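A.B. asks: Residue numbers (this note's numbering), protein chains in the order written: chain A, 1068 to 1431; chain B, 1068 to 1431; chain C, 1068 to 1431; chain D, 1068 to 1431. Heads up, the beta-carbon is just placed ideally off N, CA and C, and yes, glycines get one too. As the structure is a prediction and not an experimental result, all values here were calculated from the model.
4 protein chains.
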Amino acid sequence: MSGNTFGTLFTVTNFGESHGPAIGCVIDGCPPGMALSEADIQLDLDRRRPGTSRHVTQRNEPDAVEILSGVYEGYTTGTPIALLIRNQDQRSKDYGDILQTFRPGHADYTYWYKYGIRDPRGGGRSSARLTAPTVAAGAVAKKWLAEKFGTQFRACMTQLGELPIPFEDWAHVPDNPFFAPVADVAQYESYMDALRKAGDSCGARIRVQATGVPVGLGEPLFDKLDADIAYAMMGLNAVKGVEIGAGFASVAQRGTMHGDSLTPDGFASNHSGGVLGGISTGQDIEVSIAIKPTSSILSPRDSINIHGQPVEVSTKGRHDPCVGIRAAPIAEALLALVLMDHALRHRAQCSDVVLAVPPIPAAI
Amino acid sequence: MSGNTFGTLFTVTNFGESHGPAIGCVIDGCPPGMALSEADIQLDLDRRRPGTSRHVTQRNEPDAVEILSGVYEGYTTGTPIALLIRNQDQRSKDYGDILQTFRPGHADYTYWYKYGIRDPRGGGRSSARLTAPTVAAGAVAKKWLAEKFGTQFRACMTQLGELPIPFEDWAHVPDNPFFAPVADVAQYESYMDALRKAGDSCGARIRVQATGVPVGLGEPLFDKLDADIAYAMMGLNAVKGVEIGAGFASVAQRGTMHGDSLTPDGFASNHSGGVLGGISTGQDIEVSIAIKPTSSILSPRDSINIHGQPVEVSTKGRHDPCVGIRAAPIAEALLALVLMDHALRHRAQCSDVVLAVPPIPAAI
Amino acid sequence: MSGNTFGTLFTVTNFGESHGPAIGCVIDGCPPGMALSEADIQLDLDRRRPGTSRHVTQRNEPDAVEILSGVYEGYTTGTPIALLIRNQDQRSKDYGDILQTFRPGHADYTYWYKYGIRDPRGGGRSSARLTAPTVAAGAVAKKWLAEKFGTQFRACMTQLGELPIPFEDWAHVPDNPFFAPVADVAQYESYMDALRKAGDSCGARIRVQATGVPVGLGEPLFDKLDADIAYAMMGLNAVKGVEIGAGFASVAQRGTMHGDSLTPDGFASNHSGGVLGGISTGQDIEVSIAIKPTSSILSPRDSINIHGQPVEVSTKGRHDPCVGIRAAPIAEALLALVLMDHALRHRAQCSDVVLAVPPIPAAI
Amino acid sequence: MSGNTFGTLFTVTNFGESHGPAIGCVIDGCPPGMALSEADIQLDLDRRRPGTSRHVTQRNEPDAVEILSGVYEGYTTGTPIALLIRNQDQRSKDYGDILQTFRPGHADYTYWYKYGIRDPRGGGRSSARLTAPTVAAGAVAKKWLAEKFGTQFRACMTQLGELPIPFEDWAHVPDNPFFAPVADVAQYESYMDALRKAGDSCGARIRVQATGVPVGLGEPLFDKLDADIAYAMMGLNAVKGVEIGAGFASVAQRGTMHGDSLTPDGFASNHSGGVLGGISTGQDIEVSIAIKPTSSILSPRDSINIHGQPVEVSTKGRHDPCVGIRAAPIAEALLALVLMDHALRHRAQCSDVVLAVPPIPAAI
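1. Can you give the Cα-Cα distance for leucine 1411 of chain A and glutamate 1214 of chain A, rounded to whole angstroms?
2. What does the alpha-carbon distance come out to for the pair valine 1420 of chain B and proline 1281 of chain B?
3. Please compile the residues from chain B whose C-beta is within a distance smaller than 9 Å of the C-beta of threonine 1146 of chain D.
4. Check whether the segment 1400-1411 of chain D touches the segment 1075-1083 of chain D, taking contact to mean three or more Cβ pairs, one atom from each stretch, closer than 8 Å.
5. Along the beta strand (DSSP E) that carries valine 1202 of chain C, what are the first and last residues, could you check?
6. Give a yes or no on whether 7 Å exceeds the smallest Cβ distance from alanine 1415 of chain A to chain C.
7. Give the interface partners of glycine 1096 of chain B over in chain D, defined as CB-CB distance under 7 Å, in chain order.
8. Give me the Cα-Cα distance between proline 1171 of chain B and glutamate 1379 of chain B, rounded to the nearest whole angstrom.
9. Residue ranges of each alpha helix (DSSP H) run of no fewer than 4 residues wholly in the segment 1119-1189 of chain B, ordered along the chain?
10. Since leucine 1284 of chain C contacts serine 1347 of chain C with CB under 8 Å, what's their CB separation in whole angstroms?
11. With a threshold of 7 Å between beta carbons, is leucine 1151 of chain C in contact with chain D?
12. DSSP on threonine 1078 of chain D, reduced to helix/strand/coil?
13. For glycine 1326 of chain B, which beta-bridge partners are listed by DSSP?
14. So is serine 1257 of chain C buried or exposed if we call it buried at 16+ other beta carbons inside 10 Å?
15. Around the C-beta of aspartate 1267 of chain C, are 16 or more other C-beta atoms found within 10 angstroms, so that it is buried, or is it exposed?
16. Taking buried to mean at least 16 other C-beta atoms within 10 Å of its own C-beta, is serine 1370 of chain C buried or exposed?
17. According to DSSP, is alanine 1271 of chain A helix, strand or coil?
18. If I'm right that proline 1331 of chain C touches glycine 1375 of chain D with Cβ under 8 Å, what's the distance once you round it to whole angstroms?
19. Round the Cβ separation of glutamate 1235 of chain C and proline 1248 of chain C to the nearest angstrom and send it over; I've been treating them as touching at under 8 Å.
20. Kindly indicate which residue of C:Thr1323, C:Ser1136, C:Leu1288 and C:Asp1387 has the alpha-carbon position closest to the one of leucine 1365 of chain C.
21. Roughly how many whole angstroms lie between the Cα atoms of serine 1069 of chain B and histidine 1122 of chain D?
22. Buried or exposed: alanine 1423 of chain A, going by 16 or more other Cβ atoms within 10 Å of its Cβ?
23. If we call anything under 7 Å between Cβ atoms a contact, is alanine 1195 of chain D one with valine 1390 of chain D?
24. For valine 1309 of chain A and valine 1342 of chain B, what's the separation of their Cα atoms in angstroms?
25. Can the beta-carbon of leucine 1292 of chain D be found closer than 7 Å to that of histidine 1409 of chain D?
26. When you compare the CB of leucine 1076 of chain D with every CB in chain B, is at least one pair closer than 7 Å?
27. Evaluate aspartate 1164 of chain A with the Cβ neighbour count: other Cβ atoms within 10 Å of its Cβ, from every protein chain shown; 16 or more gives buried, anything less gives exposed.
28. Reducing DSSP to helix, strand and coil, say where proline 1396 of chain C ends up.
29. Are the beta-carbon atoms belonging to leucine 1135 of chain D and alanine 1089 of chain A less than 7 Å from one another?
30. Just to confirm, is the Cβ distance from alanine 1203 of chain C to leucine 1112 of chain C under 7 Å?
31. Less than 7 Å separating the beta-carbons of proline 1117 of chain A and glutamate 1128 of chain A?
32. Is alanine 1297 of chain B near alanine 1297 of chain A, with beta carbons less than 7 Å apart?
33. Would you mind telling me which residues of chain C sit closer than 8 Å to leucine 1411 of chain A, beta carbon to beta carbon, in chain order?
34. With 7 Å as the threshold, decide whether the Cβ of aspartate 1175 of chain C is near any Cβ in chain B.
35. For chain D, find out if any of its Cβ atoms is closer than 7 Å to the Cβ of aspartate 1113 of chain A; answer yes or no.
36. What first and last residue would you give for the alpha helix (DSSP H) that runs through arginine 1114 of chain C?
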């Protein structure tokens, strides 16, 4: 209710602050009997980890995860899985100024008015560091979905600031620090270097995809699969827009074009993005998100302090000049959490007969 | 859990099918002591009602609402408010063919695989008719928010098919059947007439706005205000994209430009759309949504039946050639429901001190 | 959240007031494909109905239920089932006095301080009349559990005021107005007649049982099956105590005696009441509840009005002199709702392997 | 949903196993601005701690709690408070036999059939050790309620096995290992010594009380305050019965006697136990619970193994011969958690006017 738990049947309760002793989460609802170790989780945490290139924050965090519960002799037991990540590279400094000042584009102002108190160290609870437990929980969901249905998740950057990134091949994504699906990222490297030198930041657009999705996930009226995906993605720090399938382009499409034809071999196209009436079709889930430019920038900005007086703010310290760069593994995790939750909900709700019927193949 | 209840503290449980005996909802969590009558609700229902122009479905439904509970001598009592709308213009016909066939772009296929059974009459549960109870509940939320904070809601169409609609004035919106903020809608009338003649359909883009929003609404990590708005909007039938504030345009913005400066008189701009860190800033909430073209069209489409055999489908009957046309009041209602829910959540969570602090004025 | 919805996966949202236009509920989460008609529900409603003997309230209510949604051609579709019962025998009178006065043992005082407004007509929302929709929803749950697992529910009175009622046979229960498991109820008839003449009321003790319960229902830590049963029963109007299995008698038992031995043929006894570690064992669920004497009595009582001044109150009108008499079908319904909810939760959570394993037979 | 989270607005998500690396919980919904340190929590943990007398388990656990988040410079921030307690005195041994055998009265059988896998070490998740995080969370709730309303909690033993314990004075409770409200506990010491020598166990009855409770807490229909108290108490390991106020004795009471009269000075008696219509009256909350004898006993019992074959089981190791002895602080914590949750719910729901009205004093 206080907004720190994600999901309904597969729940992830997140805790921690950017510079507190630890961050982590408690996963509840993971089915019993799945092999699980720290290594299964660490892989995705490492993909999200800071300090892996000059284009992201230089904070040094190993993000080593410890499983505190819910696993016995290497297998999940159906009880809560608590994951703990100790913060290592906190910096103690005088936060007096920051405590009194609202940084433009930041949550300082809203936290202050909501709570009357806030932890200013590195953004406290509003820091993107809190996506690490989400990624860890997402790794558990991914494993279960892969074993059960063969579902796979991937994400890539499709635009960096004003530069569109053409899609060449998913295979390039792991080979560059931008999660870009292209062989040559030289222009993006230069772009980021110039931006950093200018003390400025930029946005990004990320495409997220799930393949091997079972048909029938999602609720009919309010907890539609696409609604829950939009909720998950828009809740990610700095996201300002979400599209499913054809997205905003569908406004200018005609009905004769948009509605995906069905053939005995499956769907003939995928403008729906894999969701019809809020329920998965078995096609690939296709999502696109817009990430705003980082608010923590060196360039001075006009603002006010808690007394309403004008001040000038420039944010020093270690920050990502484009938070979108590390967003790909987080967006994958969020999509996995949504699908995992709906997979469990579907088991509770559907008729026994339906479970046994093989769906028509979804070609596209 | 089964996706028919919206909200957490202010909940709306929706029931009914397009051609069943009745549709309606139960509102739980409405604070006691607010004056409420059917007339307060009917106004918005009439704005959404079918048959009000030649550009929408010709189904004849008065959509008269009856309050069954929760109101005593004209005032809410804090107990559930049940709202009932009897369906009037159901058409009995042979649905045999439709029951066996999946219409492209429709929920037929997904309902079939989820439930193994479906009510085919007019789309059954997946019909946009089920937005009527949402609009009714939204009217209750709007009234409470208006009385408590002065919050106001409005929405308009900003694009019809491939035609962008320039913003002239909110005052024009009630004067035309498109909810368009322009004085002259002749070109949109011709566009729709041609489309209908062609047996085709088109999409639309809708802008939704809330003014007079209190600061501090929204949860910090998962139930962010913008996340819940995205969930609400993407859950609306036919929506494929949601933007808050600058939306997808923020990708190409620089941090020096995007982050809204603060001055002693309030924010200097509103790229955030009224939400920072998932919490309302007190600025206007600005949302934009993409609505896909109606899937029910006269033009024949390729599809399959439940046995996987190829068939040709064309959808007769009464349908909106652009479901976006009637979406404005629905989108307002959804935004009101989200804000109402968070207003109650905020009362439960914030410190007593905070409640007494007047926020800095939000100029923009 | 506002306390009008029961359950988590199989939810029942209750609405209405004792003398308002209607009462009813929306059931969400009922699996698709089950045959369901009004007749299936009416049977249990009739068992709870007022006016069926001189020992209960003489209010004349047919309690005829209408299914508004969720059923298509006689089968559930997996969408919400809305049930409507119109109130028929409301009495309009001047409630001015009652509105100003707190009746001892009633919810008048607490509603007044919680809401600042209350519907005084027949107890408004706090009337036991609101158990009718619960009974209706319970009938749906009973039907599903019976078809799926062969689960059966029954309840009987085991004490009336200070008179213990010996257990003779379940077969006697439907044959007398007390739901007493004895052949001869003459002494209970006289007891009630004397009580009514005295303008007083008495309590009752009810035993509730479920047989044919699948093993494995219930959550391990907080939503234990027995915890949810206690919640359901203590939430029933006038209930002041709940026991599972040996109940309070277990305090004086030794461990060597209480813990039910297991044999290859099943459990050798049932002190647990069918629940171990919060999870069903497959034995009969055994519950006992204490119901306090009705608070609405003719005998004058000392009280105060809303201004804190002393007044004398005696409650005229139609009332049950022992609310426990009609409690049996309601308690059955509540137990059925708890088991139904946990049956669906179990489907979502357990491993696939477990579902296939036949449990050891539970002899007792 | 999987039963490891307690509460709705003030939630406690519990994790851990008896012999795993750690146990703990995440508290979400604690209002900001309350002073909080480990010392505030440790006090109650120490009252529940094992090894403090010869009458309880000799497991050596300091139960030292670490606050991982949600507190900044000594004050709560409104974000999740994660509490960690490392297990110290795990014993590694061969659990092969126990894994194959169902101990009578234990959760072994039900966990096996629910999950198909279980952590056998010290009862795993079903161990009463998991009440430690509940006690820790309860301490946070107690502190907030005490500061806000002056609410206080206390509990004492009122029966040990077949020995009733007369009530002398609350002052004696902290002075003996039984939480007994009497000066001289010699007979209870002898009773327990004899029981331990016999390799047997016994039950207990505990009285729990809250004073200084605000009027108006609780929901009207399903989440009644007494229903939630019953849920909380029955969910405590080994509890088989719950009473509110007069409890089972109310069955034999007449209405003229049971219903508490009101006077200008408050209520004249407290048969209701502080709850009317599911909502707190402002009187003391009075609860009584029955705790069954410990199932882990040295005396051999008949049982079966997972293959359904007969075996004889006797449970060695460190166990409480009467789990009721340490139940008092746990029951207090559970009552505090229920009241805390409803206090926050009440803030969200009641009218503003009501909040300002001083209730009539509740004399008893």
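C.D. replies: Per the coordinate set shown:
1. 14 Å
2. Note that valine 1420 of chain B scores a pLDDT of 46, beneath 50, so its modelled location is shaky and nothing firm can be said.
3. Pro1287 and Leu1288
4. yes
5. Careful: valine 1202 of chain C lies outside any beta strand (DSSP E), inside the alpha helix (DSSP H) at 1198-1216.
6. yes
7. Gln1416
8. 10 Å
9. 1163-1167 and 1175-1182
10. 4 Å
11. no
12. strand
13. None; glycine 1326 of chain B has no bridge partner.
14. exposed
15. buried
16. buried
17. strand
18. 5 Å
19. 5 Å
20. C:Asp1387
21. 49 Å
22. Here the model assigns alanine 1423 of chain A a pLDDT of 43, short of 50, so the residue's position is not dependable and the matter cannot be decided.
23. yes
24. 16 Å
25. yes
26. yes
27. exposed
28. helix
29. yes
30. yes
31. yes
32. yes
33. Ala1415 and Gln1416
34. no
35. no
36. 1105-1115
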